[in-house]
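Notes follow once the structure below has been shown.
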Amino acid sequence: MSSAPATKPATTDCEIVSNAGNCYSAGQFCRKADLGRSTHAGNGRIIYCRLDGSQPRWQY
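Counted from 1, the sequence shown has number 56 at position 56 by this note's numbering; the numbering is strictly sequential.
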């Protein structure tokens, strides 16, 4: 008797994570070193680190 290989649940790969190791969400602050970069948010959408006033934030 053979069994089907286990499948992994769909996960979102976040290229840039917080210092705690978590995916970012739009609206959260981002590091100045990440300005101009993009990553996937925890919901799978692409977010960009941009200046919002004087603070860098992750935005859609």
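Just so it is clear, CB atoms sit at the ideal spot from N, CA and C, and this is done for glycine as well.
Computed from a prediction, not measured in an experiment: that's the story for all the values here.
Quiz item: When you compare only the Cα positions, how much space is there between Ile50 and Asn43?
Solution: One point to set straight first is that residue 50 is Arg, not Ile, in the sequence displayed. It is roughly 19 Å from the alpha-carbon of Arg50 to the alpha-carbon of Asn43.
Quiz item: Apart from the five residues on each side of it in sequence, which residues of its chain come closer than 7 Å, Cβ to Cβ, to Ile47?
Solution: So the qualifying residues of the chain are Tyr24, Ala26, Ser38, Thr39, Ala41, Trp58, Gln59 and Tyr60.
Self-check item: Contacting residues, own chain, Cβ-Cβ under 8 Å from Pro56 (five flanking each side not counted)
Solution: Around Pro56: Phe29, Cys30, Arg31, Lys32, Asp34, Leu35, Cys49 and Arg50.
Quiz item: Got a sec, what are the start and stop residues for the beta strand (DSSP E) Ile47 sits in?
Solution: Note, Ile47: beta strand (DSSP E), Ile46 to Asp52.
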